[in-house]
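Undergrad: Quick one: the structure is below, and I'll ask about it shortly.
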Amino acid sequence: MYNVHKKIVFFLLLLYITASTHLHAVCFPECRTQKDTVLQPKAEEMAAEDQTVTLDCHYTSTATDVNIFWYKQEGTSRPQFILSRFKGDKGKTEDEFKERFSSTVNSTMKSAPLKIQELQLSDSAVYYCALRPTVTGSKKKEQ
Numbered sequence: 591m592y593n594v595h596k597k598i599v600f601f602l603l604l605l606y607i608t609a610s611t612h613l614h615a616v617c618f619p620e621c622r623t624q625k626d627t628v629l630q631p632k633a634e635e636m637a638a639e640d641q642t643v644t645l646d647c648h649y650t651s652t653a654t655d656v657n658i659f660w661y662k663q664e665g666t667s668r669p670q671f672i673l674s675r676f677k678g679d680k681g682k683t684e685d686e687f688k689e690r691f692s693s694t695v696n697s698t699m700k701s702a703p704l705k706i707q708e709l710q711l712s713d714s715a716v717y718y719c720a721l722r723p724t725v726t727g728s729k730k731k732e733q
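Right under this line is the structure:
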């Protein structure tokens, strides 16, 4: 059984690489829950393999301090946690993403872009930016 928090605010960003090795990002611009919002301002980003891309994440929140979470979803798999950030660059990054993925919360600009360096074809996925932690597949323990 999957647990889902109703107050999650996120945007959906589809990232894929074409045969010409350009990186494309297509987003569904905005999702809202109560007074918190997350926005992806650009509909598409392009970059070639081995280049760097920055996926924007702008937010508004009633909270003073926010926690930003980035997730990657490949195909029909459940979203995979990439990193979390709060107060600048403090937070956690999963080991497999530490070398090439980074983010910093800018509370003045209300943004937390995800920077992916040295792009690879395996970076093709759906990327989610969330203001709150999202449960991506915890199962209830059998007793």
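In this note's numbering, each residue's number is its place in the sequence shown (first place is 1) plus 590. We treat Cβ as the ideally placed atom computed from N, Cα and C, and that holds for glycine. This one's a predicted model, so the numbers in the text were calculated from it and none came from an experiment.
1. Using alpha carbons as the reference points, say which of M636, N657, K662, E635 lies closest to S712.
2. Give the secondary structure of S712 by DSSP, where H, G and I count as helix, E and B as strand, and everything else as coil.
3. Assign P703 to one of two classes, buried (16 or more other C-beta atoms within 10 Å of its C-beta) or exposed (fewer than that).
4. Can you tell me which of the three DSSP states D646 falls into?
5. For D655, which of helix, strand or coil comes out of DSSP?
6. Please report the straight-line C-alpha distance between R675 and S667, rounded to a whole angstrom.
7. Taking all protein chains shown into account, decide if A720 is buried (16 or more other Cβ within 10 angstroms of its Cβ) or exposed.
8. In terms of DSSP beta bridges, what is S692 paired with?
9. If you follow the beta strand (DSSP E) that D640 is in, where does it begin and where does it stop?
10. Classify P669 as buried or exposed, calling it buried when 16 or more other Cβ atoms lie within 10 Å of its own Cβ.
11. Leaving aside the five residues before and after F691 along the sequence, list all residues of the same chain whose C-beta is less than 6 Å from its C-beta, in chain order.
12. If I measure Cβ to Cβ from G681 and keep anything under 7 Å in the same chain, skipping five residues before and after, which residues do I get?
13. Output needed for D646: all residues of its chain with C-beta closer than 7 Å, excluding positions within five of it in sequence on either side, in chain order.
14. So what does DSSP say about V626, is it helix, strand or coil?
TA: According to the data block:
1. K662
2. helix
3. buried
4. coil
5. coil
6. 24 Å
7. buried
8. K705
9. Premise fails: D640 is in no beta strand (DSSP E) and is neither H nor E.
10. buried
11. I672, I706
12. L673, S674, R675
13. Q630, P631, K632, S701, P703
14. For the sequence presented, residue 626 should be read as Asp rather than Val. Of the three classes helix, strand and coil, the one that applies to D626 here is strand, per DSSP.
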